[in-house]
């Protein structure tokens, strides 16, 4: 449904439909001078419709960790999926959007709030749609429109002057200022174009990194994950980031890059890569509320690690990690879940996971993956539980996982068919038997395989030794003139050896 927007807003956005105000997961914004947008490997294009009825989320404390569009998008996501927090979230979003130039977002939030209040069954709502809601502030809209237009005109004039003077640094800053303004107005497409154009005027590695961070931020808002990963790689390839790993400023950049990369990998369902990126974040340098909070890194990294790491990796990279421990202190429930999983206390671990599930479903980036992550964590727990045994009583196993025997049998059947567990099920006696492996033949096969490998390596070493002894070598051709490779053999060593 198109929103009523003053004509003066045409300088910011060509279309004012509501779908432009929230990131469109089905579109890929193309960077200027890029012929084709790479296909998105994002499995979250169709958002699952669900509602969260009983969250334990402290909305004020939760949302205080964010700024800018990150704050608005998260509030709107909560409003869309949690009826009990809808009105509160929309009121907070409406109050915050007044500090920006994002007029379209203001109108959309106000309309949503009117609908939410009108549809609620609260006893104090008796005055129609406008009860308890501040009317649409048309004066604010007009004032902000004029101010935004004047600021845009000034920034555009300044940029033209910089270009006429051919001062690269000033031109770069001019593009960045324009990008910042468009971002404040909610025009992500033009913001991305301006930030990208600054690339041609970067005169140092620091400028390149700054340009990449700006593009990454907007690409995250647009949920263009391939773009995010591309610019993370570009930033990491600069000497300032690649070589100097000790400086505090550099650690801040690295943490931001790794967090953005982890978010992109999470969105494309590459959970192990996502966990590895989040685990490289530095707690002391995690300060970018316009993207993620330290709590997000703890939760995303911890859950992805549980779903994808084996027991040794979990111990080495998560439990024994001095840096990630600081993140886990922010999420004590997640810390307990990880420790209980490692200690094979699966019933209490899975129970704690269920307790935090509602809150996770209100996280706009994690919610599409909660079911998949929970399934993978449970499957990994089942595999680890059975791995030491030749047989297991499914009744005891069901009790350990707080489920029924029939439900457990269905889960184990899927794991066996997927070759994740090498076992067979005795449905009559409800016993799980490990697949019978002939250890003797397996040992012989391994010995023969290793013997052939040693034989191959020995022949290669003998051949190399003979070539060195006879001074046989391959010379690389000169840079100019000669083509191909010449093999020269010392004439003294060409005589047959006795």
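Residue numbers (the working numbering): 107 to 604.
C-beta: ideal position from N, C-alpha, C; glycine also.
As the structure is a computational prediction, the values presented were derived from the model and not from experiment.
| request: May I ask which residues mark the beginning and end of the beta strand (DSSP E) holding residue 203? | output: Residue 203 sits at position 97 when you count from the first residue of the chain shown. It is not in any beta strand (DSSP E) - residue 203 instead sits in the alpha helix (DSSP H) that spans 192-203.
| request: From the DSSP output, in three-state form, read off residue 158 for me. | output: Residue mapping note: residue 158 aligns to position 52 of the chain shown, counting from 1. If DSSP states are grouped into helix, strand and coil, residue 158 belongs with coil.
| Could you give the distance in angstroms between the alpha-carbon of residue 560 and the alpha-carbon of residue 580? | As a position in the chain shown, residue 560 is number 454, starting the count at 1. As a position in the chain shown, residue 580 is number 474, starting the count at 1. Distance between the alpha carbons of residue 560 and residue 580 is about 26 Å.
| Do the CB positions of residue 689 and residue 434 come within less than 8 Å of each other? | The structure shown has nothing for residue 689, since the chain only spans 107 to 604.
| said: Going by DSSP in three states, residue 132 sits in which element: helix, strand or coil? | reply: Position 26 of the chain shown, counted from the first residue, corresponds to residue 132. A caution first: residue 132 carries a pLDDT of 45, below 50, which makes its placement in the model unreliable, though a value can still be read off. Reduced to three states, the DSSP call for residue 132 is coil.
| request: Hey, could you find the ends of the beta strand (DSSP E) residue 530 is sitting in? | output: Here residue 530 refers to the residue found at position 424 when the chain shown is read from its first residue. From DSSP, the beta strand (DSSP E) with residue 530 extends over 529-532.
| said: Considering only their Cβ atoms, is the gap separating residue 391 from residue 358 smaller than 8 Å? | reply: Within the chain shown, the letter at position 252 stands for residue 358. Within the chain shown, the letter at position 285 stands for residue 391. Contact flag set, yes.
| Are residue 250 and residue 207 closer than 8 Å when you measure CB to CB? | The count along the chain shown starts at 1 and reaches residue 250 at position 144. The count along the chain shown starts at 1 and reaches residue 207 at position 101. Closer than 8 Å, so yes.
| Three-state secondary structure (DSSP) of residue 343 | To locate residue 343, count along the chain shown from 1; it is residue 237. If DSSP states are grouped into helix, strand and coil, residue 343 belongs with coil.
| Whose C-alpha, out of 396, 340, 405, 393, is nearest the C-alpha of residue 381? | Taking the first residue of the chain shown as position 1, residue 381 is located at position 275. Answer by Cα proximity: 405.
| said: Determine whether the beta carbon atoms of residue 409 and residue 518 lie at a separation below 8 Å. | reply: Sequence index remark: in the chain shown, residue 409 carries index 303 (1-based). Sequence index remark: in the chain shown, residue 518 carries index 412 (1-based). No, these two residues do not count as a Cβ contact at 8 Å.
| query | Ordered along the chain, which non-local residues of its own chain (more than five positions away) have a Cβ less than 7 Å from that of residue 278? | reply | The residue you call residue 278 lines up with position 172 of the chain shown. If we look at residue 278 and ignore the five residues flanking it on each side, its Cβ neighbours are 304, 307, 308, 313.
| message | Threshold first: 4 residues or longer. Then list the alpha helix (DSSP H) segments lying entirely within the region 377-439, N to C. | response | 377-385, 400-414, 417-420, 428-434
| said: residue 527 and residue 492 - do their beta-carbons sit closer together than 8 Å? | reply: Translated into positions along the chain shown, residue 492 becomes position 386. Translated into positions along the chain shown, residue 527 becomes position 421. Cβ atoms of residue 492 and residue 527: closer than 8 Å.
| Burial state of residue 418 (16 or more Cβ within 10 Å) | Numbered from its first residue, the chain shown carries residue 418 at position 312. Its Cβ having fewer than 16 others within 10 Å, residue 418 is exposed.
| task | Tell me whether residue 271 is buried or exposed, calling it buried when 16 or more other Cβ atoms sit within 10 Å of its Cβ. | result | Numbered from its first residue, the chain shown carries residue 271 at position 165. Exposed, since its Cβ has fewer than 16 Cβ neighbours within 10 Å.
| Test item: CB-CB of residue 420 and residue 411 under 8 Å | Position 314 of the chain shown, counting from 1, holds the residue named residue 420. Position 305 of the chain shown, counting from 1, holds the residue named residue 411. Against a cut-off of 8 Å, the Cβ pair of residue 411 and residue 420 comes out as a contact.
| alpha helix (DSSP H) containing residue 213: first to last residue? | Counting from 1 along the chain shown, the entry for residue 213 is found at position 107. That run of the alpha helix (DSSP H) goes 209-225.
| In chain order, what residues of the same chain lie with their CB nearer than 7 Å to the CB of residue 532, ignoring the 5 residues before and after it? | Counting from one through the chain shown, the residue named residue 532 turns up at place 426. Excluding positions up to five away in sequence, the list reads 539.
| Can you check whether the CB of residue 521 is closer than 8 Å to the CB of residue 554? | Indexing the chain shown from 1 puts residue 554 at position 448. Indexing the chain shown from 1 puts residue 521 at position 415. Not in contact: residue 554 and residue 521 (Cβ atoms no closer than 8 Å).
| Which residue or residues does DSSP assign as beta-bridge partners of residue 538? | Within the chain shown, numbered from 1, the residue matching residue 538 stands at position 432. In DSSP, residue 538 forms a bridge with 498, 531.
| message | Quick check on this structure: which residue in 481, 266, 388, 268 has the alpha carbon closest to the alpha carbon of residue 361? | response | Sequence index remark: in the chain shown, residue 361 carries index 255 (1-based). Out of 481, 266, 388, 268, 388 has the C-alpha closest to the C-alpha of residue 361.
| task | Below 8 Å on the Cβ atoms is my guess for residue 329 versus residue 367; work out the distance and round it to an integer in Å. | result | The residue given as residue 329 occupies position 223 in the chain shown. The residue given as residue 367 occupies position 261 in the chain shown. Incorrect: roughly 14 Å between the Cβ atoms, too far for contact.
| field | Spatial distance of residue 302 from residue 291 (CA atoms) | value | Counted from its first residue, the chain shown places residue 302 at position 196. Counted from its first residue, the chain shown places residue 291 at position 185. Using only the alpha carbons, I get a separation of about 18 Å.
| So is residue 403 buried or exposed if we call it buried at 16+ other beta carbons inside 10 Å? | Counting from 1 along the chain shown, the entry for residue 403 is found at position 297. That one is buried.
| said: I'd like the span of the alpha helix (DSSP H) that includes residue 525, first residue to last. | reply: Here residue 525 corresponds to residue number 419 of the chain shown, with the count starting at 1. Neither: residue 525 is in no alpha helix (DSSP H) and is coded neither H nor E.
| Alpha-carbon to alpha-carbon, residue 487 and residue 450 | Along the chain shown, read from residue 1 onward, the residue named residue 450 stands at position 344. Along the chain shown, read from residue 1 onward, the residue named residue 487 stands at position 381. Straight-line Cα distance between these residues: approximately 8 Å.
| Assigned secondary structure, residue 548 (DSSP; H/G/I helix, E/B strand, else coil) | Here residue 548 corresponds to residue number 442 of the chain shown, with the count starting at 1. Residue state, collapsed to three classes: helix.
| task | For residue 480, name the three-state secondary structure that DSSP assigns. | result | The count along the chain shown starts at 1 and reaches residue 480 at position 374. It is helical.
| query | Hey, how far is the Cα of residue 268 from the Cα of residue 285? | reply | Your numbering for residue 268 matches position 162 in the chain shown. Your numbering for residue 285 matches position 179 in the chain shown. So the alpha carbons of these two residues sit roughly 16 Å apart.
| query | How about residue 321: is its C-beta nearer than 8 Å to some C-beta of chain B? | reply | Absent from the structure is chain B; it holds one protein chain and no more.
| message | Determine whether the beta carbon atoms of residue 507 and residue 458 lie at a separation below 8 Å. | response | Counted from its first residue, the chain shown places residue 507 at position 401. Counted from its first residue, the chain shown places residue 458 at position 352. Going by C-beta atoms, residue 507 is not nearer than 8 Å to residue 458.
| task | Go ahead and pull the three-state DSSP assignment for residue 325. | result | To locate residue 325, count along the chain shown from 1; it is residue 219. Three-state result, residue 325: helix.
| message | Beta-carbon within less than 6 Å of residue 276's beta-carbon, same chain only, minus the 5 sequence neighbours each way: which residues are those? | response | Your numbering for residue 276 matches position 170 in the chain shown. Counting only Cβ-Cβ distances below 6 Å, and skipping sequence neighbours, we find 268.
| Relative to the alpha-carbon of residue 425, which residue among 385, 334, 461, 509 has its alpha-carbon at the smallest distance? | Sequence index remark: in the chain shown, residue 425 carries index 319 (1-based). Nearest C-alpha to residue 425: 385.
| request: Name the two residues that bound the continuous alpha helix (DSSP H) containing residue 187. | output: Position 81 of the chain shown, counting from 1, holds the residue named residue 187. Note, residue 187: alpha helix (DSSP H), 174-187.
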